[in-house]
Amino acid sequence: MMPKRRRGWPYRYVVPLAMVVGLLVSGCGQQYVLLHPAGPVAQSELHLLIVASLAMLVVIVPVFVLLAITVIRFRDKPGNKAPYWPNWHGNKKLEIIWWIIPVVLLTVIAVPTVGQTFALSKLPKAKDPVIIDVTSLTWKWLFQYPGQHVATVNYAVIPAGEPVLFELTADSPMNTFWVPQLGGMEYTMPNEVLPLWLEAYKPGVYWGHSGNFSGEGFEKMFFNVKSVTPEAFQQWVKKVHQTAKPMTMTNYHNLLAFNTVGVQTYSNYPSDTFPAEANGFTLNGEGMYMIMHDQHGITYMPMSDMSNH
Amino acid sequence: MPSFVQYLIRTLFPHDVLRPTELGADVMILATGVIIVYYLTKQKKWLYLWNEWLTTVDHKKIAVMYLIAAVAMLFRGGVDALMLRTNLALPTTPVISDLEYNQVFTTHGTIMIFFMAMPFIFALFNAVVPLMIGARDVAFPRLNAMSFWLFAFGALLLNISFVIGGSPDAGWTAYPPYTGLLFNPGPGENYYFLSLLIAGIGTTMTGVNFLVTTLRMRAPGMTLMKMPMFIWATMATSALILFAFPPLTVALAMSLFDRLFGSSFFTLAHGGLPMMYVNLFWLFGHPEVYIVVLPPFGIFSEVVATFSRKALFGYSVMVVSIISIMFLAYGTWVHHFFTMGAGPAVNAFFGLSTMLIAIPTGVKIFNWIFTMWGGRIRLTTAMLYQLAFIPTFVIGGATGILLATVPADYQLHNTYFLIAHFHNVLIGGTLFGLLSGMYYWWPKMFGHKLNERQGQWAFWLYFIGFWVTFGPQYLLGLKGMTRRIYTYPLGFGWHELNVISTVGAFIMGAGFVVMVYNVVWSLKYGEKDLTGDPWDGRTLEWALPSPVPEYNFARIPVVTARDAWWDMKQKGQTLANSLRPEDMRTIELPKNTPVPFLLGLAFFVVGFGMTFQWWVIVAFGAAGVVASLVYSAFDYDEHKHVGAEVIRRTEAALGRLQG
Amino acid sequence: MAEKLQFQSELASGREHEGEDEGLRFLLPKFGEEKFPWIQVWGYIGSLVLTFAALFMVVDHVLPPVALLSVILTLAVGQAALQLGVFMHVRESRGLAWQMIFLGLVLLIAVGMVGMSVWIMLFKSGVS
Amino acid sequence: MSLPVAEENLEQHLPLEFSDEKESIKITGFWMFLVTDVLIFGSLFSSYAVYRSAFAQGPTPNQLFTFGPVILETLLLLTSSFTIGLAIYAMRKQNKKALMAWLVVTLLLGAGFVTSEVHDFVGYVASGATWHQSGFLSAFFFLVGTHGAHVTFGILWAVTLLIQVARRGLTPITARKLFTFSLYWHFLDIVWIFIFTFVYLNGKIV
Ligand code: HEA
Ligand code: HEA
Ligand code: CUA
Ligand SMILES: [Cu+2]
């Protein structure tokens, strides 16, 4: 009934095997975007991932080994000489050990987790960061530069080597704004504006995608973020102002249609296409503000003044 | 008249959703229906069906119905999975369109969680809990039947959506505003909300029922600390159900109101806050994943002790850990939306609370291993699932911890890394646990064993298939592949891994086929269980004959030890040899009633009517609901009596009487 | 021949308070008796007093908003306790008063749910 | 439980509704149901708390609410909670007539409450404050409306109970049913106190 040959293929080899095969077939390389960060945010997130994974290995390996030994040693087969203690039902010391081990390991993960969570929520000091207002539309991305007065669709250009502040909202179902090599994702939601800062170390092109399902054309919501030197960035802005037309309200309404489009560039945009007010955020984790956009740029208004809206 | 018929057809089968696969499903369902009707009529089984099954309140029969439904839904969800996987292996020539793909992953997730895992759990609760605690039935047998029929009709409502009108397509999480009328005008999401609301009422009632059963119906002497672990798991699960389902009900209702009655909870205009749905959904959703994993934990605790022929290691610590998991489960929900911009304090808090769950869970893992240490391990199918569960779940748990590491989750959220995580815990934990329980308790439910050799084949196919499917998905996550896409460009290096993953899925599918073969074969040729105790079990259900007579225990035993039956066997006292003919008493049992079935049907009518906003039909259904409730309010005829003489004869026939 | 088993009838009366459940004995019920429903009357008066106290405090704006809200919520909690104790006979049950344990739990969760939701939803801050 | 429980235990000093073990288990069950209902309202209160300032173009609580009808409703409900308490008191004294009388009074008070609330709602809607207007109004109508629906259901339930008591008198079963009804009714009173405080009074604080 219990065939002995089953022992030949212990399951504990399956995972590593699958991983190795996977790596061989696909070729380890740049395609593992999460393992090849191109900016400080993604870098610190990867760092944490590695720390936590190592801590996990510290539990996984002993558990697997222990399990294997137990099963092999205490199989119910004739002539097994291992001890048999049918009534052994507890051991205080052992049990205390495995309350403690996880606590220690988790502390190792928890401390940097909390630290990084708070650290990432603060925009590093930068004089006048480039601000990009991101709106997810049904199956396309709209990027507006309130400081530069340019707008793009389905691609963005950022200066390398300095933090960029993205302000995210949606005029569509929820999506997430994600450029894996630059950093983790954040939701775009209607009636809310959320902040996200990212930075690219070097000039380069990094792909981004939406991570939250939003309907039919969702899988086409790829976009590229071009990181260029700050000077090239200024030149790009200048060039857009010279060559592109401003976005009209009609253009915007066309973008609201449920479809996918290619890349587009505009030299300006109507001011009321990004929320003037919404549930807001702070940049330093204190107090509560609301973002006000107008022709002069952005002001942060304390929440307490909000009641007269 | 013809115009009305045309209207009906146009609404029920709108052009834009009626596609070949649906037509195929349509024809299949119709054909199955015809075959069933033909068979029933030919065998003159209609009355039998009605008397013995549709109106039954016997927990053992309800268990069987739950089990059939669960396995059917595993098939349905599994076929969905194979469709998903096929598409993902062929990114350049998708087999099903994006619209269909969206419906398929939605029904896959919804069915697997709500209509496969949940009823499977309730099947085992119903089959085992009253027997384990030495009771005649659950606390509220009629409520139990109502729960079942509400579940069954809820499941039916979701399943007909594939054929009539169009399926939901917003994922099992159904985030607004995508579920709003602006983006999703068809009836699909109505189906989703209504079927979950109806099934949810049933589930909540099941929670109440089993909580009270385990709190109040235990045999004398079975104090809290003498309860089998499975009973602890039942208790904790039921409590979680009580606490978790209300937020879901409210979230679903809000979405439904937005769609049907013009409220502005989650809409783009009028200040809607879609994130509130997310908040309420996960207030339910996270406890839900523990609802589906705690019962398997209980099952494993029984299985591992039985097949190691050894007492469970660290019982009281196991109790403490299950209770703390229950509590902690309620305080971690934000980890599903770390990326929705709640402040760093919120994220840090919920990241830590999530990690805390690893501690009691880890304790359980170690205790299971040490239960085997110093035992004699028999590698039956049930035990193999247990052994596979440990490494699979530990990996799944560990990747869960990586997701709980907040900044790492910013990267991993909604990628295939997440998909792999939750299949690791849902299949490695929940499904393996439930299958283990099925193989373990099958003899008790049906009176024969499942063939071991075939069972082990199915096991190995599942287990190997599992890792071939989901191992590569971790790598896909690291390559940035996001979930819920029906196709993808080739440049990202996602294709090869997806092909491997798809191959794995088909291996699992083969496992399922072997399992079904195993069940069908064993129904005919399976080894009969004549002793009632085929595994040398430890808990009270093994004291009874298999299958169990309607009244369960001829006399309720008094419990004096933790593993009650094991203890009795050690002391040489067994129920069989100590019952004398004159010990028999008349037994009061709950009486069959058609109300639960009719109530479920009425709710179904309401749900169907509301899906299409046909208020006349809704009114009919609502009248049915009210009528059922009023009828049962005035119905005092709840019990029947089984005479002592009948019991004496039955027990004697089972060879369980002295002299 | 094995020893004879005990059956439930022999133990029926003692079943709910036994062995390890001992610690929860304080929960065992007392069913009170009274000549006149004084408790109910006092309960009614109490609830009226609490309600109108809250009402007047709000109408007269006796405190700054946040403090005022906290005070009236406290009064509401007091009133809930009154209803539970006086009218709902919380401590009564046969066997252990499980409802007390679950009520405690559910109140904790309900309050946590409201508070946490506000914390999560309305106090957005931070850049990730 | 098949065993000789029911007859044996009747002589204990237990109130009628607890005297039969099966019926007493149903009371525990009803408490557990109330637990879920507490959380239904907990979720509704959470939503209300979050949507409280999502006015969009609609009115604010301060503009919307008037105290008059709300105080009336509060009084009606508090009094009905008192009278159902008296009904249970009468039930424990085996006084069927008094029980039924108090139950009828309770019902009438409840009906008065529902009438006043419906009148309120009609007024709001007539003034254009529908729940389509804003998230705040949606949350308000959903919370208060769910409570109102509970009260309405309670009234219908009590009617069926009156018929049962009239027909069958006070038995362990009818007594248990009445007792669970009283629990339900007091529970609704508690919920209303929180609605009164957190919705209406709080709406007037700013
Ligand atoms: C059975 C179901 C189940 C179970 C048990 C779990 C268990 C856990 N889950 Fe999982 N989870 C899901 C089902 C489940 N999950 C589902 C379905 C989703 C996605 C839903 C969707 O979006 O569609 C999800 C998503 C999900 C997320 C959200 C990710 C995202 O969307 O971005 C997170 C983040 O924290 C998470 C974490 C965890 C953790 C920490 C555990 C822990 O409980 C695991 C604890 C176990 C262990 C850790 C292993 C054993 C322990 C030891 C051997 C001791 C030593 C260990 C340590 C020291 C670490 N899960
Ligand atoms: C308990 C829950 C459970 C279970 C058991 C499974 C089982 C499986 N799941 Fe599931 N899955 C979920 C819960 C579950 N899943 C959830 C909650 C989601 C999220 C949904 C969402 O995003 O909203 C998800 C999403 C999900 C995805 C992501 C889709 C996407 O985001 O685009 C994928 C992709 O690979 C997948 C694959 C599989 C596979 C291959 C199996 C295999 O185990 C299945 C094995 C197959 C069978 C058991 C059936 C075999 C059938 C046959 C052999 C039929 C033969 C045919 C004929 C005779 C006609 N699942
Ligand atoms: Cu929608 Cu006004
Ligand atoms: Cu979770």
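As given, the protein sequences belong to chains Y, U, G and X, one line each in that order. Just remember that this note's numbering sits 632 ahead of the position in the first sequence, which is counted from 1. Just remember that this note's numbering sits 21 ahead of the position in the second sequence, which is counted from 1. Just remember that this note's numbering sits 3 ahead of the position in the third sequence, which is counted from 1. Just remember that this note's numbering sits 1 ahead of the position in the fourth sequence, which is counted from 1. Ideal Cβ positions, reconstructed from N, Cα and C, are used throughout, including at glycine. A quick note: this is a predicted structure, and the numbers were derived from the prediction, not measured.
Alpha carbon to alpha carbon, how far is Gly-395/U from Val-580/U?
27 Å
Supposed contact pair Tyr-461/U and Val-324/U - C-beta distance, whole angstroms, cut 8 Å:
5 Å
For ligand 1, is there a heavy atom less than 7 Å away from the beta-carbon of Trp-193/U?
yes
Contacts around Ala-575/U, its chain only, beta-carbon distance under 7 Å, and the 5 residues preceding and following it disregarded
Leu-600, Met-605, Ile-668, Glu-672
Does ligand 2 have even one heavy atom less than 7 Å from the beta-carbon of Leu-95/U?
Yes, the beta carbon of Leu-95/U sits closer than 7 Å to at least one heavy atom of ligand 2.
Of all the beta strand (DSSP E) runs that stay within the bounds of the stretch 841–907 of chain Y, which reach a length of 3 or more residues?
855–860, 896–898
Consider the C-beta atom of His-307/U and the heavy atoms of ligand 2; say whether any pair is separated by less than 7 Å.
no
By the three-class DSSP mapping on this structure, what secondary structure does Val-89/G have?
helix
Between the CA atoms of Lys-27/X and Leu-405/U - distance to the nearest angstrom
Taking the straight line from one Cα to the other gives about 41 Å.
Neighbourhood of Lys-870/Y by C-beta distance below 7 Å, restricted to the same chain and skipping five residues each side:
none
Considering only their Cβ atoms, is the gap separating Ala-90/U from Pro-162/U smaller than 8 Å?
no
Chain U contact for Glu-848/Y (CB, 8 Å cutoff):
yes
Note down, in chain order, every chain Y residue with its Cβ under 7 Å from the Cβ of Thr-503/U.
His-841, Gly-843
Cβ neighbours of Ile-312/U in the same chain (closer than 7 Å, five flanking residues each side left out):
Thr-258, Leu-261, Ile-262, Ala-265
For Thr-401/U, the nearest candidate out of Phe-169/U, Ser-329/U, Lys-81/U, Val-541/U (CA to CA)
Ser-329/U
For Gln-591/U, the first and last residue of its enclosing alpha helix (DSSP H):
The continuous alpha helix (DSSP H) containing Gln-591/U extends over residues 585–592.
If we require 3 or more residues per run, which beta strand (DSSP E) segments fall completely within the stretch 595–642 of chain U?
608–611, all fully within the stretch 595–642 of chain U.
With distance defined between alpha-carbon atoms, name the residue in Asn-147/U, Leu-178/U, Arg-106/U nearest to Phe-135/U.
Here the closest residue by C-alpha is Leu-178/U.
Beta carbon of Ala-148/U, beta carbon of Lys-247/U: below 8 Å?
no
CB contact check: Leu-263/U to chain X, cutoff 8 Å:
yes
Taking DSSP as the reference, what is the three-state secondary structure of Ala-644/U?
helix
Inter-residue spacing [alpha-carbon to alpha-carbon] between Gly-13/U and Lys-500/U:
With chain U running from 22 to 680 in the structure shown, residue 13/U is simply not present.
Does ligand 1 have a heavy atom nearer than 7 Å to the CB of Tyr-461/U?
no
Thinking C-alpha only, which one of Gly-49/G, Ala-57/G, Ala-84/G, Val-121/G is nearest Leu-106/G?
Selected option, being the one with the closest Cα: Ala-84/G.
If you follow the alpha helix (DSSP H) that Pro-295/U is part of, which residue opens it and which one closes it?
295–312
Could you pull the DSSP bridge partners for Arg-707/Y from this structure?
Beta-bridge pairing links Arg-707/Y to Ile-398/U.
Give, in chain order, every unbroken run of the alpha helix (DSSP H) that is at least 4 residues long and sits entirely within the stretch 387–435 of chain U.
402–425, 427–433
Let me check you understand the geometry: is the CB of His-662/U closer than 7 Å to at least one non-hydrogen atom of ligand 4?
No, Cβ of His-662/U sits at least 7 Å from all heavy atoms of ligand 4.
Contacting positions in the stretch 221–252 of chain U - beta carbon closer than 8 Å to chain G
Leu-236, Arg-237, Ala-240, Pro-241, Gly-242, Thr-244, Leu-245, Met-246, Lys-247
Could you tell me which chain G residues have their CB closer than 8 Å to the CB of Asn-300/U, listed as they occur along the chain?
Ser-120, Ile-123, Met-124
Less than 8 Å between the beta carbons of Val-785/Y and Val-895/Y, yes or no?
yes
So which of Met-238/U, Phe-214/U, Tyr-196/U has the shortest CA-CA distance to Pro-295/U?
With distances taken between CA atoms, Pro-295/U lies nearest to Tyr-196/U out of Met-238/U, Phe-214/U, Tyr-196/U.
Mind checking which residues open and close the beta strand (DSSP E) that includes Lys-772/Y?
In the DSSP assignment, Lys-772/Y falls within the beta strand (DSSP E) that extends over 772–777.
Does the separation of the CB atoms of Tyr-437/U and Arg-157/U fall below 8 Å?
no
Any heavy atom of ligand 1 closer than 7 Å to the beta-carbon of Gly-111/X?
no
Please report the residue range of the alpha helix (DSSP H) in which Met-243/U lies.
Counting along the chain, Met-243/U falls outside any alpha helix (DSSP H), and DSSP gives it neither H nor E.
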